[in-house]
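Working notes, structure below.
Chains as they are written, first to last, in the working numbering: chain A, 1 to 485; chain B, 486 to 619.
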């Protein structure tokens, strides 16, 4: 059989194609002009990342999810209406009759479509025989190009995934790093001896993150027993541990609250009994000389009841109302309660002129503020010239704030964190339960705010309460809650 | 208060029972006590009290359940006492007054109970009368 020179030249040129995108244009340019062929499009299945269809067209490779189901091209013929319809939909323009050349034996099931601008029987036959001659070489080259595309796409994807992976990853050979991602490189910069395989523990605390180190060896060699290479992976467990700690903490708080409630209720009964019996005895006792003793006993049991009461309100987990209220008013109504304690303190009060609208529960917030001021007063006990400065207004971050500063001894650095923990107290026995500050923080946090404490340079401590401001449209005046100025 | 009443106190706390008994006896009432539901149900129909002070939380059940198990023929005024603040109790009926524990003044509680008899207050259907600062 005579092999035409055009076929030889075609074979040479197509073999030098290196990129799938070049393929359609090349085919298009090889077809003699007299055949009046139009666009050449290559469709194939790409299995990467579940992207199913892609096509090369006019020198560009398009990755596209095929809009329509992949028809059985093998059974289609030139002139088949479904083909034109399919191509029109996919290519976004009306398509003339096209020749369908499938390559089912190649991975990816590529199908070549060649549009015929002059759809005559003769033209069709010409084109068919053109491609029949070249089918073999096209098939081989397509296979190569598709493999290469698939491979380089996979490789690039792998590279992206590996490189960009948030957690440190490294590939080791002979225990030396041959490839690593950015996260690993960053870590290695800070910790040069990262690779020392001390088998003490696989949990590492690096910077402020906690990592668990994993090593996945790759077995090679004749019987898969040789470990030369492997993948080193540092799993970032910081968030997990933080979350776990938070959960444990809230569980602890919940159990404490439950315990508090149980104890309170258990104690209430006998206490009621004691105080009731004392009252009854007092009335009915013939011995008037014991009157004072009865009074003291009653006072003592009342003190117990008060403690139980505050324990209960601390542990209360029921829903409370959230009304619109004025934080300044809370402050105003709390100060009188501390009149005696504040009597000997030189108090400077600087409140904002207008209302400070926030959302919360009046009495709960009152209790919180009360407890913080009370704490300040107690810190000033025995201080020669005690001073307290209470300010309220709008903070830099646009929140409502109350700050309570005293010139007491301040709070030791180590205790600054613990001060809000329940039952943490440096007070004398009988002076308080150590629940006040914890309760205050809990209440304020419950309304979206925060309480913080810091030591003041001149000596003393400063408590700061922050609460989110109520926006205009949130305001719904409920009775006397919001004072209108 | 001149009339002698038959008063029953149901509470698992012995001191509370003692206190009520002391007060009641000093006012010349006929007092009886019960320490749990079982005892209460045994004594109540026989004693047929005019006034009952009933604790809600008893070792063998709920005070309200006791109210429901009584023979319907009995006539009495009932003061229910509770240490808890759950609002569930408000669902129940058959009692005339709800008192929260701990009570500040047992004499007031007792007097309010006596008042129920002499003003013939009807049982609580929906609203609750509470003495929170008794």
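Ideal Cβ positions, reconstructed from N, Cα and C, are used throughout, including at glycine. The model shown is predicted, which means the values in this text are computed figures rather than measured ones.
Residue i (DSSP reduced to helix, strand or coil)
i: residue 486/A; result: Residue 486/A lies beyond the residue range present for chain A, which begins at 1 and ends at 485; the question has no answer from this structure.
i: residue 336/A; result: helix
i: residue 608/B; result: coil
i: residue 272/A; result: helix
i: residue 496/B; result: coil
i: residue 568/B; result: coil
i: residue 343/A; result: coil
i: residue 543/B; result: strand
i: residue 149/A; result: helix
i: residue 507/B; result: helix
i: residue 452/A; result: strand
i: residue 404/A; result: strand
i: residue 140/A; result: helix
i: residue 99/A; result: strand
i: residue 585/B; result: strand
i: residue 31/A; result: coil
i: residue 348/A; result: strand
i: residue 239/A; result: helix
i: residue 195/A; result: coil
i: residue 327/A; result: helix
i: residue 168/A; result: coil
i: residue 10/A; result: helix
Contacts that residue i makes with chain A (C-beta to C-beta distance below 8 angstroms)
i: residue 551/B; result: Result: empty, since nearest Cβ-Cβ is about 18 angstroms, beyond 8 angstroms.
i: residue 605/B; result: Correct list: empty, because the minimum Cβ distance to chain A is about 27 angstroms.
Residue i: contacting residues in chain B (beta-carbon distance under 7 angstroms)
i: residue 454/A; result: The premise fails here: residue 454/A is roughly 37 angstroms from chain B at the closest Cβ pair, so nothing lies under 7 angstroms.
i: residue 274/A; result: 500
Cutoff 8 angstroms: residue i Cβ touching any chain A Cβ
i: residue 521/B; result: no
i: residue 596/B; result: no
i: residue 545/B; result: no
i: residue 507/B; result: yes
i: residue 512/B; result: no
i: residue 592/B; result: yes
Residue-chain proximity (residue i, chain B), Cβ-Cβ < 8 angstroms
i: residue 365/A; result: no
i: residue 51/A; result: Only weak support is given to the placement of residue 51/A: the predicted model assigns it a pLDDT of 42, under 50, and the value that follows is read from those uncertain coordinates. No, its Cβ sits nowhere closer than 8 angstroms to a Cβ of chain B.
i: residue 160/A; result: no
i: residue 214/A; result: no
i: residue 468/A; result: no
i: residue 430/A; result: With a pLDDT of 48 at residue 430/A, under the threshold of 50, the modelled position of that residue is not reliable, and no figure is offered here.
Proximal residues of chain A, C-beta to C-beta of residue i below 7 angstroms
i: residue 587/B; result: 268, 271, 272, 275 and 305
i: residue 465/B; result: This structure leaves residue 465/B out entirely; chain B is present only between 486 and 619.
i: residue 583/B; result: Correct list: empty, because the minimum Cβ distance to chain A is about 15 angstroms.
i: residue 602/B; result: Result: empty, since nearest Cβ-Cβ is about 20 angstroms, beyond 7 angstroms.
Heavy atom of the ligand FAD within 7 angstroms of residue i beta-carbon
i: residue 109/A; result: For the structure depicted, the ligand FAD is absent and the ligand set is empty, with no information on it obtainable.
Inter-stretch contact at 8 angstroms, needing at least 3 Cβ pairs: the region 255-273 of chain A / the region 228-236 of chain A | no
Could you please tell me which residues of the region 277-294 of chain A, in chain order, have their CB closer than 9 angstroms to any CB of chain B?
-> 277, 278, 279, 280, 281, 283 and 284
Residues of the region 221-252 of chain A with Cβ closer than 7 angstroms to any Cβ of chain B, in chain order = none
Give the residues from the region 518-542 of chain B that approach chain A closer than 9 angstroms (Cβ to any Cβ), ordered along the chain.
-> Listed by position along the chain: 540 and 542.
Would you call the region 385-392 of chain A and the region 347-358 of chain A in contact, with 3 or more CB pairs under 8 angstroms?
-> Touching, yes, given that three or more Cβ pairs across the two stretches are closer than 8 angstroms.
Please determine if the region 540-549 of chain B and the region 492-500 of chain B are in contact, where contact requires at least 3 C-beta pairs separated by less than 8 angstroms.
-> yes
Hey, is the region 456-466 of chain A in contact with the region 503-515 of chain B, meaning 3+ C-beta pairs nearer than 8 angstroms?
-> no
Does the pairing of the region 357-373 of chain A with the region 435-446 of chain A give three or more beta-carbon distances under 8 angstroms?
-> Yes: the two stretches touch, three or more of their Cβ pairs being nearer than 8 angstroms.
Would the region 136-151 of chain A and the region 99-111 of chain A be scored as touching if the rule is three or more Cβ pairs under 8 angstroms?
-> These segments touch.
Should the region 511-530 of chain B be called in touch with the region 551-561 of chain B, which here means at least 3 C-beta pairs below 8 angstroms?
-> In short, these stretches touch, since the Cβ pair count reaches three.
Are there three or more Cβ pairs, one per stretch, closer than 8 angstroms when the region 243-251 of chain A is compared with the region 220-235 of chain A?
-> Contact fails between the region 243-251 of chain A and the region 220-235 of chain A, because fewer than three Cβ pairs, one in each stretch, are under 8 angstroms apart.
Using 8 angstroms as the Cβ pair cut-off and three pairs as the minimum, do the region 162-176 of chain A and the region 145-154 of chain A touch?
-> no
With contact counted as at least three CB pairs below 8 angstroms, one residue from each stretch, are the region 86-104 of chain A and the region 125-136 of chain A in contact?
-> Verdict: yes, contact present.
Say whether the region 328-347 of chain A touches the region 376-388 of chain A, bearing in mind that this needs 3 or more beta-carbon pairs closer than 8 angstroms, one atom from each stretch.
-> yes
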